[in-house]
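Following: one structure in structure tokens, then a few remarks.
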């Protein structure tokens, strides 16, 4: 079975046959289009903007599936038990397996013929990826000295961070970079620069989901700076929150079984949110992002671990077992306070003023009168239901989306919100949850 990240369409001229497939977790994008006037024709593309001029129906091609034109069927090829079974896993916790498989996942993704770097927010996930990459880069440099290196490396690992001046992520990222001895590049942006980029971000990401746009804008701005420095590939930390239940709202899970089911659901939908952000924010500038946390072997270890070890309690922080796996005082991967730093969603960590500015600007752009008007026909779905934004910020983003894309494109978007029936605040910001140390 193919491993890694990919979307492809193959044409077999001899059989007049098309095969299309997408990687297991949907790190890369792939859309399928349909034309009611040409029903025998197959349409595939990595961006909606390639399809909507000729297709009147569009869908996200499902991750872990393949399409065969001989049967005109789309079938799954990636069917691990943790994804398909309704049973709650009961495997005992193995911290060494977590550590070893993540190290292997990073090493695999460092295979490259171009200089690479790491996206470093200063949070747990990106910092661990940077720590492992720094160790592997040092080993590769030793090999290079003996003439048997396999990677194209700089003498030191380069790390990149972004945020408003003085933001939590910039401060933490600098501390991590100093500890790991990376060559660190800190990029700041102003609120106005972020606001000015919103329409372009929505055009490139092809979504109107609030949390995706909030987080994608700083990443989009950073990716431009990274590519300008000649870097073509970066490692990024997406996926950890989904597989470990790291979002702060997971603290409201009523039991371990529900905790596990929510993790599975989040992983299934990664292609609609964080994967979409990581792929399109970077590829808008020709920068490739690789995601070690979504390695198949690593997923097999973590997702089959009994969820009782993942549940958040007063004694156990979110992602407790990941922190424990890399808490090795004799040879530390990270400073202790970084390893045990509370989860910050990327859109919060770049500076609390960023989300505040988005809300304030949306309130000024969307009047109370407009917000209370009947749902526009553009926002009525094919099944007759209304996809009405619930906040002025969401309304504002949807208007920008509609300026770029016709109605059929909206069917591919799904909003990221915390699990409402757990009694969580519906705002996707981590600061909206009661457990955040700087909650609203």
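Numbering (UniProt numbering), first residue to last: 1 to 440.
Note that CB positions come from ideal geometry on N, CA and C, so glycine has one too.
Bear in mind that the values here come from a model prediction, so they are computed numbers and not experimental data.
When DSSP states are grouped into helix, strand and coil, residue 341 belongs to the coil group. Beta-carbon to beta-carbon, residue 204 and residue 297 are separated by about 32 Å, too far to satisfy the 8 Å threshold. Secondary structure within the segment 376-430: the alpha helix (DSSP H) runs of 4 or more consecutive residues, fully enclosed, are 392-404 (chain order). Considered as a whole, the UniProt domain "Glutamine amidotransferase type-2" (1-72) harbours 7-12, 17-22, 31-34, 43-45, 57-60 and 65-68 as its complete beta strand (DSSP E) runs of no fewer than 3 residues, in chain order.
Fully contained in the segment 144-215 are the following beta strand (DSSP E) runs of length 3 or more, in chain order: 158-163 and 183-188.
For residue 353, the uninterrupted alpha helix (DSSP H) segment begins and ends at 352-365. According to DSSP, residue pairing for residue 76 in a beta bridge involves 65. With a beta-carbon spacing of about 5 Å, residue 121 and residue 169 fall inside the 8 Å limit used to define contacts. Per DSSP, residue 265 lies in no beta strand (DSSP E) segment; the continuous alpha helix (DSSP H) that holds it begins and ends at 256-268. Between the alpha carbons of residue 125 and residue 250 lies a gap of roughly 17 Å. Closest in C-alpha terms to residue 43, from the list 165, 32 and 76, comes 32.
Contact check for residue 362 against residue 395 passes: the beta carbons are separated by less than 9 Å.
Annotation for residue 289: no alpha helix (DSSP H) segment contains it, though the beta strand (DSSP E) segment containing it runs 288-290. Collapsing the DSSP output to three states places residue 217 in a helix. Pairing residue 119 with residue 237 gives a Cβ-Cβ distance under 9 Å.
Approximately 7 Å separates the beta-carbon atoms of residue 61 and residue 20; this is inside 8 Å, confirming the contact. Distance check between residue 405 and each of 35, 144, 47 and 387 places 47 closest, using alpha-carbon atoms only. Fewer than three pairs of CB atoms, one per stretch, sit closer than 8 Å, so the segment 398-413 makes no contact with the segment 218-227.
Cα atoms of residue 285 and residue 160: separation of roughly 15 Å, rounded to the nearest angstrom. In the structure shown, residue 120 adopts coil according to DSSP, grouped into three states. With contacts defined as CB atoms closer than 9 Å, residue 310 and residue 263 qualify as a contacting pair. Pairing residue 300 with residue 80 gives a Cβ-Cβ distance under 9 Å.
Here DSSP, grouped into helix, strand and coil, assigns residue 95 to helix.
Less than 9 Å divides the Cβ of residue 413 from the Cβ of residue 208. If you draw a straight line from the Cα of residue 101 to the Cα of residue 108, it comes to about 10 Å.
Short of 7 Å from the beta carbon of residue 136, and not among the five residues preceding or following it, lie these beta carbons of its own chain, in chain order: 106, 107 and 110.
Counting the other CB atoms within 10 Å of its CB gives residue 52 a total of 16 or more, which places it among the buried residues.
Straight-line spacing of the CA atoms in residue 129 and residue 292 works out to 8 Å. Taking 9 Å as the cut-off, the beta carbon of residue 7 is found no closer than this to the beta carbon of residue 41. Taken through DSSP and simplified to helix, strand or coil, residue 305 comes out as strand.
For residue 233, the uninterrupted beta strand (DSSP E) run begins and ends at 233-235, by DSSP.
With contacts defined as CB atoms closer than 9 Å, residue 193 and residue 232 fail to qualify as a contacting pair.
CA-CA distance, residue 142 to residue 157, rounds to 14 Å. With contacts defined by Cβ atoms closer than 9 Å, residue 74 and residue 210 do not form a contacting pair. Residue 240 sits in a helix when the DSSP states are folded into three classes.
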